[in-house]
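Q:
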Amino acid sequence: EKGPYPHYMLKEIDEQPFAIRKLITKYQNDIGEIAIDEDIREAMKETDRIYIIACGTSYHAGLVGKQLFERITNVPVEVHIASEFLYNRPLLSSNPIFIFISQSGETADSRGVLVEIKKSGFRALALTNVPGSTLSRESDYTLNTYAGPEIAVASTKAYTAQIAVLAILASDCARNRGIQLNFDLFLELGLAANAMEILINKKEKIEEIVWKYLSVSRNCFFIGRSVDYYVGLEGALKLKEISYIQAEGFAGGELKHGTIALIEDGTPVIALLTQPQVKGNIRSNVQEVMARGANVCLISMEGIEDKNDQLVIPYIHEYLTPLVSIIPLQLIAYYAALYRGCDVDKPRNLAKSVTVE
Ligand code: M6R
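With UniProt numbering, the residue at position 39 of the sequence shown is 283, and numbering never jumps.
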């Protein structure tokens with residue numbers, strides 16, 4: 245039930261710190277180590293390449309997961325949009341494992357790929373929020389995201405839970421491959437949950453941002469580099485799906501290759517900056533679009549912030565920044581939809597679970 249909340253989406257955004265803390269209790273054993281089924285562990289240890297298959301928001305979580313896996317484990321990862329996979333079937337490695345990421349576990353496009361790869365005898369791991377769902381039943385292994393029922397069509401807590409489980413799986417995989425990690429994952433996840441809470445308590449600030457940047461515009465651009473680019477894609481999807489503002493996320497470096505032509509006086513640009521190594525380049529992208537009249541809202545992270553940035557998110561481990569940087573973007577989408585009088589929880593033309601291909 246919604247309880248005191250006007251919309252499920254707002255409730256589900258607020259539940260995210262709790263969902264991360266719950267995952268910590270579910271995936272940590274009594275002696276503080278990762279608890280994952282031995283057969284999943286074995287499969288992840290043996291594989292020479294991971295193929296992540298997903299749609300929409302779950303695909304965006306997969307992009308974050310790829311970076312996490314490749315940074316932590318050295319195992320190559322490909323991420324594919326489920327509906328495209330069978331047309332552009334990639335050349336597979338000799339010992340692949342498929343990870344299907346799906347909140348509902350019922351998405352027909354993803355299931356279509358699962359059915360095909362099972363015919364060839366490949367192994368599949370389902371990462372879903374619904375135990376007993378089709379994808380989890382038909383896969384060899386399942387990991388639960390434990391986010392609780394997600395009712396709003398716009399996916400929020402499932403996304404952050406998916407990323408957290410991917411971080412846990414990647415860390416476990418690294419350990420089983422003899423790679424020493426130089427951070428305490430559960431500690432960092434706990435800190436990320438605290439940081440999420442801090443941002444969730446800044447709703448008034450986000451409302452102001454929406455008022456200032458999105459009250460009259462029909463379009464909006466999200467820019468970022470490295471993992472911030474992937475979070476920008478998700479921010480754009482959230483905004484377009486519930487507020488109907490045409491939104492596009494793209495890599496900061498791509499601006500000069502075309503998109504900058506669309507920037508004119510007053511165009512809203514939401515820029516993300518959580519990775520120290522891209523600081524200089526993103527700040528120059530911001531200058532470039534401002535010089536063409538863009539109305540820039542820069543969301544940065546403590547430690548690399550500037551006093552003129554519009555919002556500064558608390559410092560968190562560089563691998564886990566999406567868990568926190570997505571919160572203001574989810575809230576921006578929520579308030580933009582609210583101000584426009586849109587049906588926040590049930591946007592037009594969309595279903596929560598897409599069971600047709
Ligand atoms: O249940 P799934 O995670 O498989 O759903 C995939 C997409 O349909 C879903 O993430 C969709 O993009 C959301 N409405 C986005 O908020």
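Cβ atoms here follow ideal geometry from the backbone N, Cα and C, with glycine treated the same way.
1. Which residues bound the alpha helix (DSSP H) around residue 230?
2. Where do the ends of the beta strand (DSSP E) carrying R293 lie?
3. Return yes when the Cβ of I576 is within less than 8 angstroms of the Cβ of I450, no when it is not.
4. Report the three-state DSSP secondary structure of T400 (helix, strand or coil).
5. Determine the contact status of Y440 and Q260, defining contact as a CB-CB distance below 8 angstroms.
6. Let me check understanding here. Comparing Cα to Cα, which of D274, Y473, Y403 lies closest to Q519?
7. Can you name the residues that DSSP bridges to T372?
8. Candidates Y559, E485, S544, I560: which alpha carbon is nearest D553's?
9. For the pair the stretch 260-276 and the stretch 426-439, tell me if three or more CB-CB distances fall below 8 angstroms.
10. Taking its Cβ as the centre, do 16 or more other Cβ atoms sit within 10 Å of G479, making it buried, or is it exposed?
11. Less than 8 angstroms between the C-beta atoms of F329 and I297, yes or no?
12. In the DSSP output, which residue or residues are listed as bridge partners for A515?
13. Taking 7 angstroms as the line, does the beta carbon of S459 fall inside it for any heavy atom of the ligand M6R?
14. Which of the three DSSP states is assigned to H324 in this structure?
15. Is it true that the stretch 570-584 meets the stretch 497-508, where meeting means three or more beta-carbon pairs spaced less than 8 angstroms apart?
16. Should D589 be labelled buried (16 or more other beta-carbon atoms within 10 Å of its own) or exposed?
17. In the structure shown, what three-state DSSP assignment does I507 receive?
18. Between V522 and S470, how many whole angstroms is the CB-CB distance? I'm expecting something under 8 angstroms.
19. Assuming I294 contacts I341 under a Cβ cut-off of 8 angstroms, what Cβ separation, rounded to an integer in Å, is found between them?
20. Can you tell me whether C299 sits near the ligand M6R, meaning its C-beta is under 7 angstroms from at least one heavy atom of the ligand?
21. According to DSSP, is I570 part of a helix, a strand, or is it coil?
22. Return yes when at least one heavy atom of the ligand M6R lies under 7 angstroms from the C-beta of T378, else no.
23. According to the Cβ coordinates, are S487 and Q406 closer than 8 angstroms?
24. Using only CA atoms, which one of K363, D353, S346, A391 lies nearest to residue 602?
25. Can you tell me whether DSSP reads I275 as helix, strand or coil?
26. Does the beta-carbon distance from L506 to A580 come in below 8 angstroms?
27. Along the chain, where does the beta strand (DSSP E) that runs through L594 open and close?
A: By the coordinates alone:
1. This structure leaves residue 230 out entirely; the chain is present only between 245 and 601.
2. Here residue 293 is taken as the residue at index 49 of the sequence shown, counted from 1. Here the beta strand (DSSP E) through R293 covers 293-298.
3. In the sequence shown, residue 450 corresponds to position 206, counting from 1. In the sequence shown, residue 576 corresponds to position 332, counting from 1. Taking 8 angstroms as the Cβ cut-off, I450 and I576 qualify as a contacting pair.
4. By one-based count along the sequence shown, residue 400 stands at place 156. Coil, per DSSP.
5. Walking along the sequence shown from the start, residue 440 turns up at place 196. Walking along the sequence shown from the start, residue 260 turns up at place 16. It should be noted that the sequence gives Met, not Tyr, for residue 440. Contact: yes.
6. Stepping through the sequence shown from its first residue, residue 519 is reached at position 275. Nearest option by C-alpha distance: Y473.
7. Walking along the sequence shown from the start, residue 372 turns up at place 128. For T372, which the question treats as bridged, DSSP gives the partners S346, N388.
8. Translated into positions along the sequence shown, residue 553 becomes position 309. Considering only alpha carbons, the answer is S544.
9. yes
10. Looking up residue 479 in the sequence shown gives position 235. Buried, since its Cβ has 16 or more Cβ neighbours within 10 Å.
11. Here residue 329 refers to the residue found at position 85 of the sequence shown. Here residue 297 refers to the residue found at position 53 of the sequence shown. Yes; because the gap between Cβ atoms is below 8 angstroms, this pair is in contact.
12. On the sequence shown, residue 515 is found 271 positions in, with the first residue counted as 1. Its beta-bridge partners are I467, L542.
13. For the purposes of this step, residue 459 is identified with residue 215 of the sequence shown, where counting begins at 1. Not under cutoff, so the answer is no.
14. Here the question's residue 324 lines up with position 80 in the sequence shown. Strand, per DSSP.
15. no
16. The residue you call residue 589 lines up with position 345 of the sequence shown. That one is buried.
17. The residue you call residue 507 lines up with position 263 of the sequence shown. If DSSP states are grouped into helix, strand and coil, I507 belongs with coil.
18. Taking the first residue of the sequence shown as position 1, residue 522 is located at position 278. Taking the first residue of the sequence shown as position 1, residue 470 is located at position 226. Between S470 and V522 the Cβ distance is about 5 angstroms, and since that is below 8 angstroms, they are a contact.
19. Within the sequence shown, numbered from 1, the residue matching residue 294 stands at position 50. Within the sequence shown, numbered from 1, the residue matching residue 341 stands at position 97. Going by Cβ atoms, the distance from I294 to I341 rounds to 6 angstroms, so yes, they are a contact pair.
20. Numbered from 1 along the sequence shown, position 55 holds the residue referred to as residue 299. The answer is yes for C299.
21. Taking the first residue of the sequence shown as position 1, residue 570 is located at position 326. Note: I570 maps to helix in three-state DSSP.
22. Sequence index remark: in the sequence shown, residue 378 carries index 134 (1-based). No, the ligand M6R has no heavy atom inside 7 angstroms of this Cβ.
23. Working through the sequence shown from its first residue, we reach residue 487 at position 243. Working through the sequence shown from its first residue, we reach residue 406 at position 162. For S487 and Q406, no; Cβs fall outside 8 angstroms.
24. Outside the shown range of the chain, which is 245 to 601, sits residue 602, and nothing can be said about it.
25. As a working note, residue 275 is residue 31 in the sequence shown. In the structure shown, I275 sits in coil (DSSP, three-state: anything other than H, G, I, E or B).
26. Translated into the one-based positions of the sequence shown, residue 506 becomes position 262. Translated into the one-based positions of the sequence shown, residue 580 becomes position 336. Contact: no.
27. By 1-based counting over the sequence shown, the position of residue 594 is 350. That residue, L594, is in no beta strand (DSSP E); it is neither H nor E in DSSP.
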